[in-house]
Amino acid sequence: MSTATESGLDWRAAWTAALDDLEMDVLAVETMLLDERRLAETPPANPWRPPTELGALPLELRPRADEILTRQLAVAEEIAKRLTANRQQMAMTSRIETGEAVKRPVYLDFAI
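Residues 43 to 154 in this note's numbering are what the sequence shown spells out, letter by letter.
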């Protein structure tokens, strides 16, 4: 009977550790999104990889997994919004710097 209990604890501990890792990755992205000055080119040092051979998620960990998923979706949406805004800003900046937005003749009055 103790073997079943121990394997049940190992199963829960493995899932808890997997959720801990996933939550830390979400927290890192949330922190990066809050820090306006952080370099976008800095990749995460150790990206999260889904665990293998864990079996089904324990029912008591489902609310936590759902909350992490909700946070992941919110972070993904925020990243998409920022990428869109960045592309729009880049397009506007390129038109302002090069004058491509308005192509009209330029006349200089040298009479003065």
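Glycine is no exception: its CB is placed at the ideal position from the N, C-alpha and C atoms.
Check, Outcome
"Grab me the residues of Val-68's own chain with a C-beta within less than 7 angstroms of its C-beta, minus the 5 sequence neighbours each way, in chain order.", "Ile-110, Arg-113, Gln-114 and Val-117"
"Take the Cβ of Leu-125 as the centre, count every other Cβ of all protein chains shown within 10 Å, and call the residue buried at 16 or more, exposed below.", "exposed"
"Among Asn-128, Leu-99, Pro-105 and Ala-127, which has the Cα closest to the Cα of Asp-7?", "Residue 7 falls outside the range modelled here, since the chain spans only 43 to 154, and no answer is possible."
"Starting from the N-terminal side, write out each stretch of the alpha helix (DSSP H) that is 4 residues or longer and does not extend beyond the region 52-133.", "none"
"Tell me the rounded alpha-carbon separation between Ala-32 and Thr-73.", "No answer is possible for residue 32: it lies beyond the span of the chain, which begins at 43 and ends at 154."
"CA-CA distance, Asp-77 and Gln-131?", "19 angstroms"
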